[in-house]
Each structure stands twice: as structure tokens, then as C-alpha cells.
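So the protein sequences, as listed, match chains A and B.
For what it's worth, this note's numbering labels the leading residue of the first sequence as 4, then goes sequentially.
For what it's worth, this note's numbering labels the leading residue of the second sequence as 4, then goes sequentially.
Here a beta-carbon is modelled for each residue, glycine too, at the ideal position from N, C-alpha and C.
Since this is a predicted model, take the numbers as computed values, not measurements.
Protein chains: 2
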Amino acid sequence: MAHNTKKNLNLVFPAPGHDHKCCAMAALMKAEVLCRASGKKFTDIRRRVLEVVWESHAPIGAYDILAKLNRGGGRTAPIAVYRTLEFLMENGLVHRIASLNAFVGCAQAGHDHVAGFLICHECGAAAEMDSETLSQALDSELAARGFVVDSQVVELSGTCPHCCAG
Amino acid sequence: MAHNTKKNLNLVFPAPGHDHKCCAMAALMKAEVLCRASGKKFTDIRRRVLEVVWESHAPIGAYDILAKLNRGGGRTAPIAVYRTLEFLMENGLVHRIASLNAFVGCAQAGHDHVAGFLICHECGAAAEMDSETLSQALDSELAARGFVVDSQVVELSGTCPHCCAG
DNA sequence: CGTACTAATGTTATGTTATAACATATTTAC
DNA sequence: GTAAATATGTTATAACATAACATTAGTACG
């Protein structure tokens with residue numbers, strides 16, 4: 004079996020000087036639209052957690068999210084953050100990065116994809132790697148050997164293009 | 004670029020009724036040999052932790068290891084387990100499974116490989132997947148796009164052949 | 001041998017990540 | 001408007017991991 008992965012590795016690391024407000028804004032609007040479409044409630048805390056997650060492209064820990072929510076005197080509890088993250092993950096708005104115990108905004112919300120991640124340990128940013136073809140090929144190879152995959156964690160750490168150049 | 008992954012996915016889930024004593028024994032002997040060869044000390048606690056890890060093919064948490072070390076009245080502290088696991092990982096005798104916060108014996112100690120894991124959520128067993136070719140291909144595709152990989156976490160969960168059959 | 005050095009382990013405390021259990025409030029459907 | 005479902009609040013604790021420093025056990029070399 005031959006396959007060319009080139010066209011499928013749809014990987015995008017945002018440039019250092021990009022207009023990040025746009026990323027965040029777009030993500031929030033999309034979240035709102037998606038929730039509305041599926042009858043889910045995009046409540047205040049859900050919006051605020053997602054805003055915090057989208058403050059950068061680097062995965063952020065639950066307790067760091069908590070601290071940001073509570074900057075200025077809030078009293079939100081850890082469990083509230085975890086519950087909210089669970090909701091956001093179930094609805095494809097956030098991903099968990101197991102190797103970092105951290106969370107990152109989903110760059111392709113609404114696409115119902117299986118994502119892998121590239122994590123730059125220089126700038127901290129994580130990019131989704133959309134390698135559906137590769138992953139499907141692997142899964143079917145495995146299935147042929149009797150192992151049926153139903154979830155995956157693929158997290159590659161290294162240096163991103165911008166930091167390589169930097 | 005074409006590549007056939009078939010011959011490289013060297014994946015082995017031990018059968019339910021296999022003689023596990025042999026697995027454990029072999030792993031311990033190999034550890035001893037490797038340590039001797041590299042001038043590292045295979046001390047008592049290192050041996051005992053590795054024994055516990057090899058009690059099964061299912062990844063085990065650090066605190067579960069601790070509990071087993073202390074069954075019968077020991078007073079080993081958590082840090083001792085973590086230090087020991089660090090040593091065992093540095094020396095290629097144990098792997099960490101990030102998605103489970105758990106540790107598993109290395110099935111190919113001494114080979115200096117980059118491993119991925121298949122984890123069965125029926126029986127709990129984890130098998131190393133030796134897909135050097137696949138991984139190298141992916142890494143070079145990524146390098147071509149400017150991302151230089153230097154470590155990876157690949158953990159696929161699903162149902163193993165024995166549990167599929169069972 | 002013995003002493004200085006390094007590696008390994010012990011001890012105590014604490015930091016970090018995540019969830020359980022139950023109460024209250026808000027929304028939705030009828 | 002009330003019951004049911006959903007969402008959030010409150011308190012406590014479980015589970016995972018490391019920091020800082022003391023002590024012990026090997027090793028190297030005079």
C-alpha cells in the first residue's frame with residue numbers, strides 16, 4: 004500500500020507576529036455558533052474558560068486557567084474548570100494534551116477530526132496535525148493484526164518552523 | 004514516497020495464558036546484564052521496582068508500585084519510587100505511558116528504539132509497537148515542513164487481539 | 001587504611017493535577 | 001407553574017509528582 008502524506012499533513016504554526024486577537028475572536032464566535040446549532044448552552048463560564056484557553060496557542064494547565072479566571076478576585080473552584088473543560092472537549096472546542104497535562108483550543112472546531120499534535124518546546128505553541136490518511140492507514144494495518152483502535156494520543160515535541168528560523 | 008508498514012509493525016500482545024514468570028524473569032536478567040555492561044548499579048530497590056512493574060503487562064501507577072513495595076510493612080516513600088522509575092527509564096528498562104500516568108516494562112530493553120504503544124482497555128495490557136519506519140517517514144515529512152521532532156508520545160487505545168476474540 | 005568524593009537512598013514536607021459527593025440555582029418542557 | 005433536566009456552587013479529598021536536605025554506602029586514590 005502506498006500513500007503520500009504530503010497533502011494531508013495540514014500543519015500550521017501561527018507566526019510570531021500574527022494578529023492573535025483574530026484567532027481568539029474567531030474561535031469564540033465559532034464556538035457560539037456550534038453550540039447554538041447543536042442546542043448546547045454556551046454559558047458564561049464556558050465562554051470565559053474558552054477565552055482563557057485562546058489567550059495563546061500554547062496549551063495551558065487547568066490550574067493556570069483557574070488562576071486567570073480568578074484574577075481580580077473570583078472564587079471559581081477547580082472542579083468548575085474541569086467540568087467546563089470536559090464540556091468543551093466533548094463539543095470539540097478544546098483538546099487535552101496528555102503529555103503536558105494541559106489544554107489547547109481546537110483549531111478546527113466542528114470538523115469532527117482525529118488530531119495529532121506538534122508541540123514546540125521553544126515557544127510552547129501546539130499545532131494540530133491533520134493526518135487523517137496516515138492515521139487511517141495505521142489503524143487499518145493494526146486492525147489487520149487484530150488490534151482495533153478507538154482513541155489515540157499522538158503528541159510530537161520538537162522545534163517549530165518559526166523557532167527553527169528564529 | 005511509498006512505504007509498506009506491514010513488516011515493521013512488530014506488535015505482540017502476550018496471550019492470556021502465557022507463562023508470565025518467564026517474561027518477568029527474562030526482563031530482570033536482561034536488566035541486570037545491561038546495567039552491568041554499562042557500569043550502572045542494579046540495586047535492590049531498582050530490582051524490586053522492576054519486579055513489580057513486570058508483575059503484568061498492564062501499565063501500573065507509581066503509587067500502586069509503592070503500595071506493592073510496602074505490602075508487608077515497608078516504609079518506602081513516593082519519591083524513592085519516582086527516582087527509581089527515572090533511573091529505569093533513563094536506562095531503557097521502563098516506559099512511561101503519559102495517557103495513563105503509568106509505567107510499563109520495556110519489552111525490548113537494550114535496543115534503543117522509539118516506541119509507540121497500543122493499550123487494550125479490556126485487559127489493560129500495553130504492547131510496544133515498533134514502527135520505526137513509519138515514524139521516521141513522518142518525522143522527515145515534518146522536517147520538510149520545518150518542524151524538527153525530538154520526542155514523541157504515541158499511545159493508541161483500543162481492543163487487543165485476545166480480547167477481540169475472547 | 002583512611003579520607004575525600006560520588007552515587008544512592010532516606011526523611012519530611014509540599015506542590016500539582018483531578019475528582020467525589022452533595023447542595024443550590026437556573027432553564028426547559030409540558 | 002411545577003416537574004424534570006441541566007448547570008453551577010461548595011467542600012473535601014484523591015491521585016500524581018517533586019523540592020530540599022540528611023544520611024549512608026560505594027569508589028578512587030594517596
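Cβ neighbour criterion (16 or more within 10 Å) applied to residue i
{"i": "B/H23", "result": "exposed"}
{"i": "A/I63", "result": "buried"}
{"i": "A/H114", "result": "exposed"}
{"i": "A/A112", "result": "buried"}
{"i": "A/G108", "result": "buried"}
{"i": "A/R39", "result": "exposed"}
{"i": "A/H21", "result": "exposed"}
7 Å CB neighbourhood of residue i in its chain, flanking five on each side removed
{"i": "A/L145", "result": "V152"}
{"i": "A/I48", "result": "A83, T87"}
{"i": "A/N73", "result": "T79"}
{"i": "A/A34", "result": "F45, L53, L96, A112"}
Straight-line Cα distance separating residue j from residue i
{"i": "B/S41", "j": "B/G95", "result": "12 Å"}
{"i": "B/C167", "j": "B/H60", "result": "17 Å"}
{"i": "B/L91", "j": "A/I82", "result": "35 Å"}
{"i": "B/K71", "j": "B/F150", "result": "42 Å"}
{"i": "B/R78", "j": "B/V52", "result": "14 Å"}
{"i": "A/C26", "j": "A/L103", "result": "22 Å"}
{"i": "B/L37", "j": "B/T46", "result": "13 Å"}
{"i": "A/A147", "j": "B/Q139", "result": "22 Å"}
{"i": "A/E89", "j": "A/S143", "result": "29 Å"}
{"i": "B/G76", "j": "B/R50", "result": "18 Å"}
{"i": "A/A29", "j": "A/K44", "result": "18 Å"}
{"i": "A/V56", "j": "A/A110", "result": "12 Å"}
{"i": "A/L141", "j": "A/E93", "result": "25 Å"}
{"i": "A/H98", "j": "B/R99", "result": "21 Å"}
{"i": "B/A129", "j": "B/E58", "result": "13 Å"}
{"i": "B/H116", "j": "B/C123", "result": "22 Å"}
Residue i - partner residues in DSSP beta bridges
{"i": "B/L121", "result": "B/A130, B/L159"}
{"i": "B/G108", "result": "B/V97"}
{"i": "A/I63", "result": "A/F106"}
{"i": "A/V151", "result": "B/T162"}
Residues near residue i in its chain [Cβ-Cβ closer than 8 Å; skip 5 each side]
{"i": "B/M132", "result": "L12, N13, L14, A118, G119, F120, L121, V157, L159"}
{"i": "B/E125", "result": "T162, C163, C166, G169"}
{"i": "A/E54", "result": "A27, L31"}
{"i": "B/S154", "result": "none"}
Chain-order list of residues whose beta-carbon lies under 6 Å from that of residue i (same chain, five-residue window excluded)
{"i": "B/V84", "result": "A65, I68, L69"}
{"i": "B/P17", "result": "H60"}
{"i": "A/A101", "result": "V156"}
{"i": "A/A105", "result": "P62, I63, G64"}
{"i": "A/M4", "result": "In this prediction, A/M4 has a pLDDT of 43, which is less than 50 and means its spatial position is unreliable; nothing more can be read from the coordinates."}
{"i": "A/G127", "result": "A61"}
{"i": "A/P19", "result": "H165"}
Residues that residue i contacts on chain B, provided the C-beta gap is smaller than 8 Å
{"i": "A/T162", "result": "F150, V151, D153"}
{"i": "A/A101", "result": "A101, S102, V156, E158"}
Cross-chain neighbours of residue i in chain B, by beta carbon under 9 Å
{"i": "A/C25", "result": "Neighbours of A/C25 on chain B: none; closest Cβ ~22 Å, over 9 Å."}
Contact list for residue i against chain B, beta-carbon separation under 7 Å
{"i": "A/C167", "result": "G149, V151"}
{"i": "A/L91", "result": "The contacting residues do not exist; A/L91 stays about 19 Å from chain B at best."}
{"i": "A/L53", "result": "Neighbours of A/L53 on chain B: none; closest Cβ ~23 Å, over 7 Å."}
{"i": "A/L88", "result": "Residues of chain B passing the Cβ test: none, with the nearest at roughly 16 Å."}
{"i": "A/L69", "result": "Ordered by position in chain B, no residue passes the 7 Å Cβ test against A/L69, which lies about 20 Å from the chain."}
Proximal residues of chain A, C-beta to C-beta of residue i below 9 Å
{"i": "B/L121", "result": "L145, F150, V152"}
Closer than 8 Å at the beta carbon, the chain A residues around residue i
{"i": "B/L31", "result": "Here the premise fails: no neighbours, minimum Cβ distance about 27 Å."}
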